[in-house]
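Peer 1: The opening residue of the sequence shown carries number 856 in the numbering used here; numbering runs sequentially from there.
All C-beta atoms in this analysis are idealised placements derived from N, C-alpha and C, irrespective of residue type, glycine included.
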Amino acid sequence: MVMAVYVIRKRKAESGKRKAESGKRKAESGKRKAESGKRKAESGKMKPFSGIVGLILLMASALPLPAQTNVFPAAAQARSAKAVAPAAAPRPGWALVVDLGDGEMLPFVWIGPLKMWVGKFEVTNDQYGRFDMGHASKDYYGRLLNASDQPVVWVSWEDANNYCEWLTRTFGGQIPRGYIFRLPREQEWQAFAACNDRRRYPWGNTWPPPDTCNYRGEEGAGLFYRLFQHEPYIGGHNDGFIVTCPVKQSGGNAWGLFGVGGNAWEWCRDWFDDQQITRALRGASWNNYEPDIIAVTNRSDAYPLRRNPMIGFRVVVAPED
Ligand SMILES: [Ca+2]
């Protein structure tokens, strides 16, 4: 706004001379700044425009500047420098976006109470593909799970853990010294999924889930499904996605984390049991409809080498322990 006013004022002052010079204007644009002092001094001598021409010029001055006209070069340069600056050496409490290369970014949210960064989204197929080009999240009865922005699935706990170790080896320079990429512990997951309060579900205490959260709802329950499959689903809930949805469209919570409820189950770092046979899973998936399973406190588990179309993960950046 300030820039626009400045430009209009400057143009008004110059408008007298401009008519005569209009043919030359483009060629001379470089000289304008240098001449502006002179122009001001001469402005008293100029013949004033008639009202209508002045109005037209005033209207023209309100039009967007041509692309090549760089009125404030210093400011423009500062903006572009900021946009391309790498997210190197972030400090705790600051934003963290890890650059995986080729424009692939892994954004994190600083979670103060946990003193760590938590992945803003579940890891996507594209982000996982940087580590394992051969991985495919397949499809589910013909419905695609392998799109670039869907959460990666068909990954075991071992796969997820290896991904985190690869991140630390490869991109450790983009996070503070002494921090690593890893899977969240269950207690950490519980805290960030519930925004550290005592809610029953990731979104609060009401039922059914809001349509922004991806569970098994009416979206997949066509007439054929109702008549022949008799499989349960959440009445009054329609998120529009029959299988996994793009991670950015999977409901965000008040702490800015997406998909903690639904979309994909998320591997946690911990063993589920004292015997250390299975690993913990949290958050339920696109294929769940049971209130007790969807509850934010619910614990589930699977063998560390188990893979299926419902299980994915998210990454945290935390101090090494
Ligand atoms: Ca999830």
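Where does Trp1120 sit, in a helix, a strand or coil, going by DSSP?
Peer 2: Stepping through the sequence shown from its first residue, residue 1120 is reached at position 265. Strand, per DSSP.
Peer 1: I need the boundaries of the beta strand (DSSP E) containing Phe963, first residue and last residue.
Peer 2: Here residue 963 is taken as the residue at index 108 of the sequence shown, counted from 1. Start and end: 960–966.
Peer 1: Assign Ala1157 to one of two classes, buried (16 or more other C-beta atoms within 10 Å of its C-beta) or exposed (fewer than that).
Peer 2: In the sequence shown, residue 1157 corresponds to position 302, counting from 1. It counts as buried.
Peer 1: Quick one: residues in its chain with C-beta nearer than 7 Å to the C-beta of Asp957, no 5 flanking neighbours on either side, listed in chain order?
Peer 2: As a position in the sequence shown, residue 957 is number 102, starting the count at 1. Excluding residues within five positions, none has a Cβ falling inside 7 Å.
Peer 1: Please tell me whether, using a cut-off of 7 Å, the distance from the CB of Val953 to the nearest non-hydrogen atom of ligand 1 is below it.
Peer 2: Walking along the sequence shown from the start, residue 953 turns up at place 98. Not under cutoff, so the answer is no.
Peer 1: From Arg1161, Ser1140, Leu1160, Pro1159, pick the residue whose C-alpha is nearest to that of Val1151; which is it?
Peer 2: The sequence position of residue 1151 within the sequence shown is 296, counting from 1. Nearest of Arg1161, Ser1140, Leu1160, Pro1159 to Val1151, Cα basis: Ser1140.
Peer 1: Which residue's Cα is closest to the Cα of Val953: Ser1105, Ile966, Gln982?
Peer 2: Indexing the sequence shown from 1 puts residue 953 at position 98. Closest by alpha carbon: Gln982.
Peer 1: With hydrogens ignored, establish whether the beta-carbon of Gly1138 is closer than 7 Å to any heavy atom of ligand 1.
Peer 2: In the sequence shown, the residue the question calls residue 1138 occupies position 283. For ligand 1, at least one heavy atom lies less than 7 Å from the Cβ of Gly1138.
Peer 1: If you measure from the CB of Asn1118, is any heavy atom of ligand 1 nearer than 7 Å?
Peer 2: On the sequence shown, residue 1118 is found 263 positions in, with the first residue counted as 1. True, at least one ligand heavy atom lies under 7 Å from that Cβ.
Peer 1: Could you have a look at Trp1044 and say whether DSSP puts it in helix, strand or coil?
Peer 2: Numbered from its first residue, the sequence shown carries residue 1044 at position 189. Trp1044: helix per DSSP, three-state reduction.
Peer 1: What does the Cβ neighbour count give for Gly1091, buried or exposed, with the cut at 16 atoms within 10 Å?
Peer 2: Against the sequence shown, residue 1091 aligns to sequence position 236. Answer is exposed; the Cβ neighbour count stays below 16.
Peer 1: What number of angstroms, rounded off, separates the C-alpha of Arg1053 from the C-alpha of Gln1045?
Peer 2: As a first step, residue 1053 is located in the sequence shown; it is residue number 198 there, counting from the start. As a first step, residue 1045 is located in the sequence shown; it is residue number 190 there, counting from the start. About 10 Å.
Peer 1: How big is the Cα-Cα spacing for Glu1073 and Asn1093?
Peer 2: As a working note, residue 1073 is residue 218 in the sequence shown. As a working note, residue 1093 is residue 238 in the sequence shown. C-alpha separation (whole angstroms): 5 Å.
Peer 1: Closest to Tyr995 by C-alpha separation, out of Thr1099, Gly1167, Ser1003, would be which residue?
Peer 2: Sequence index remark: in the sequence shown, residue 995 carries index 140 (1-based). Taking only the C-alpha atoms, the option nearest Tyr995 is Thr1099.
Peer 1: Can you list, in chain order, the residues of its chain whose CB lies under 8 Å from that of Gly967, leaving out five sequence neighbours each side?
Peer 2: The sequence position of residue 967 within the sequence shown is 112, counting from 1. Only Gly948 meet the Cβ criterion.
Peer 1: Note the first and the last residue of the continuous alpha helix (DSSP H) segment covering Arg1169.
Peer 2: As a first step, residue 1169 is located in the sequence shown; it is residue number 314 there, counting from the start. Per DSSP, Arg1169 belongs to no alpha helix (DSSP H) and is neither H nor E.
Peer 1: Can you tell which of Phe1113, Arg1161, Tyr1144 has the C-alpha that lies nearest to the C-alpha of Thr1133?
Peer 2: Within the sequence shown, numbered from 1, the residue matching residue 1133 stands at position 278. Closest by alpha carbon: Arg1161.
Peer 1: Three-state secondary structure (DSSP) at Thr979?
Peer 2: In the sequence shown, counting from the first residue as 1, residue 979 sits at position 124. Thr979: strand per DSSP, three-state reduction.
Peer 1: What residue does the beta strand (DSSP E) around Leu951 start on, and which one ends it?
Peer 2: Taking the sequence shown and counting its residues from 1, the one referred to as residue 951 is at position 96. Segment 951–954, the beta strand (DSSP E) holding Leu951.
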